[in-house]
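Student: Numbering (our numbering), first residue to last: 222 to 499. For every residue, glycine included, the Cβ atom is placed at its ideal position computed from N, Cα and C.
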Ligand code: NAD
């Protein structure tokens, strides 16, 4: 694995595109001032990757934040996702256009299928393949796809997804799925890397934070890096946005990486990809 030494460090996707390992998540950041400032603060402090989705209802603000920052659009890795209602071939093409319009851009760096929706996702995937071939998006991928969802998609896919964005933190490691994705060169990416705020209550995290003289957020986000996983912690507070990313001046021992791996108990804070009703 390539050594990443700063916030702009990247993992290489299987099509050669460089994806910054660290990004800003904006789920529940309100459209308008809140998300505009979060995006601007992040970009001004070195972030180069923003993760939004049509369903977050803040794509307009994300686009404004990028334009109002001092960073060029071409230097930002911008991600959005097609929502479940829009899955299917034609509806995905329309949803993509609508996202670009709201974001005020003419391409995305990564477009994801937000959740697996059985056979319909195969049609959705064909639309993503078309958008990719037409160079309207630099890479395409999925989210919330377990191994069987990926295997099913791969029976008809012409392009292997470049990314799988999954709930991932010390209570939900899913190492077998991570190994499967690594073997297929599908970049693994963590959503809810801070367990939606629950990570801060764990004693083992407090101990590691004291040991390395870092914050709990920095410890768990550093664990992501050392496991080769892209991560997108969410915050709309400037101090946290800045502090969360200050993790390139230390390294966790292999034993401590394994210690966090060993906390896995298959616990989800979000929905189960095999059992959700939206
Ligand atoms: P997260 O694990 O990033 O936790 C966010 C929470 O932690 C927020 O309440 C925030 O205020 C708090 N926080 C952040 N930094 C902190 C700090 N330093 N100290 C104390 N509290 C802090 O949760 P998330 O937002 O669910 O996940 C991150 C991103 O992943 C989302 O914003 C979104 O972009 C993406 N996501 C994707 C999916 C999907 O289905 N693909 C699902 C959920 C989230």
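Among 349, 364 and 363, which has the Cα closest to the Cα of residue 357?
Tutor: Considering only alpha carbons, the answer is 349.
Student: What residue ranges within the segment 305-367 form continuous alpha helix (DSSP H) runs of no fewer than 4 residues, ordered along the chain?
Tutor: If we require 4 residues or more, the alpha helix (DSSP H) runs fully inside the segment 305-367 come out as 310-324 and 340-354.
Student: By the three-class DSSP mapping on this structure, what secondary structure does residue 275 have?
Tutor: Reduced to three states, the DSSP call for residue 275 is helix.
Student: Quick one: what's got a C-beta closer than 7 Å to residue 429's C-beta in the same chain, skipping five residues either side?
Tutor: Excluding sequence neighbours, residue 429 sits near 440 and 477.
Student: Measuring from the CB of residue 345, is there a heavy atom of the ligand NAD at a distance below 7 Å?
Tutor: Flag unset: Cβ of residue 345 not near the ligand NAD.
Student: Using CA coordinates, which residue listed in 447, 436, 498 and 409 is at the minimum distance from residue 420?
Tutor: Comparing Cα positions, the closest option is 436.
Student: By DSSP, does residue 493 sit in helix, in strand, or in coil?
Tutor: If DSSP states are grouped into helix, strand and coil, residue 493 belongs with the strands.
Student: Thinking C-alpha only, which one of 251, 236, 367 and 308 is nearest residue 283?
Tutor: Selected option, being the one with the closest Cα: 251.
Student: Which class does residue 432 belong to by DSSP, given the choice of helix, strand or coil?
Tutor: It is helical.
Student: Looking at the secondary structure, which residues open and close the alpha helix (DSSP H) in which residue 423 lies?
Tutor: From DSSP, residue 423 is part of no alpha helix (DSSP H); its letter is neither H nor E.
Student: Determine whether the beta carbon atoms of residue 274 and residue 370 lie at a separation below 8 Å.
Tutor: No. Outside cutoff.
Student: Opposite residue 452 in the DSSP bridges: which residues?
Tutor: Paired residues: 243 and 411.
Student: Of the residues 309, 376, 392 and 378, which one's Cα is nearest the Cα of residue 444?
Tutor: Among 309, 376, 392 and 378, the Cα nearest to that of residue 444 is on 392.
Student: On the three-state DSSP scale, how would you describe residue 297?
Tutor: Looking at residue 297 - three-state DSSP - the assignment turns out to be coil, as it is neither helix nor strand.
Student: For residue 290, count neighbouring Cβ atoms within 10 angstroms of its own Cβ and tell me buried if that reaches 16, exposed if not.
Tutor: Buried, by the Cβ-count rule.
Student: Just the Cα atoms here: how many angstroms apart are residue 231 and residue 302?
Tutor: If I take the Cα positions, the gap works out to 21 Å.
Student: Just to confirm, are residue 327 and residue 321 a CB contact at a threshold of 8 Å?
Tutor: Going by C-beta atoms, residue 327 is nearer than 8 Å to residue 321.
Student: Quick one, are the C-beta atoms of residue 347 and residue 381 less than 8 Å apart?
Tutor: Cβ distance not < 8 Å, so residue 347 and residue 381 don't count as in contact.
Student: I believe residue 243 touches residue 228 by the beta-carbon criterion, under 8 Å. Please report the beta-carbon distance rounded to the nearest angstrom.
Tutor: The pair is a contact, with the Cβ atoms about 6 Å apart (cut-off 8 Å).
Student: Would residue 275 count as contacting chain D if we go by Cβ distances under 8 Å?
Tutor: Here chain D cannot be found, since the structure has a single protein chain.
Student: Go ahead and label residue 259 buried or exposed: buried means 16 or more other beta carbons lie within 10 angstroms of its beta carbon, across all protein chains shown.
Tutor: Classification for residue 259: buried.
Student: With a threshold of 7 Å (Cβ to nearest heavy atom), would residue 455 be considered close to the ligand NAD?
Tutor: Under cutoff, so the answer is yes.
Student: Quick check on the burial criterion: 16 or more other C-beta atoms within 10 angstroms. Buried or exposed for residue 431?
Tutor: By the 10 Å Cβ count, residue 431 comes out exposed.
Student: Taking DSSP as the reference, what is the three-state secondary structure of residue 505?
Tutor: Residue 505 falls outside the range modelled here, since the chain spans only 222 to 499, and no answer is possible.
Student: Alpha carbon to alpha carbon, how far is residue 479 from residue 499?
Tutor: Going from the Cα of residue 479 to the Cα of residue 499 covers about 35 Å.
Student: Following the continuous beta strand (DSSP E) through residue 232, name the residue where it begins and the one where it ends.
Tutor: Per DSSP, residue 232 belongs to the beta strand (DSSP E) from 231-233.
Student: So is residue 330 buried or exposed if we call it buried at 16+ other beta carbons inside 10 Å?
Tutor: With 16 or more other Cβ atoms within 10 Å, it is buried.
Student: Taking the alpha helix (DSSP H) that residue 292 falls in, what are its first and last residues?
Tutor: Premise fails: residue 292 is in no alpha helix (DSSP H) and is neither H nor E.
Student: Verify whether the separation of the beta carbon atoms of residue 447 and residue 401 is less than 8 Å.
Tutor: For residue 447 and residue 401, no; Cβs fall outside 8 Å.
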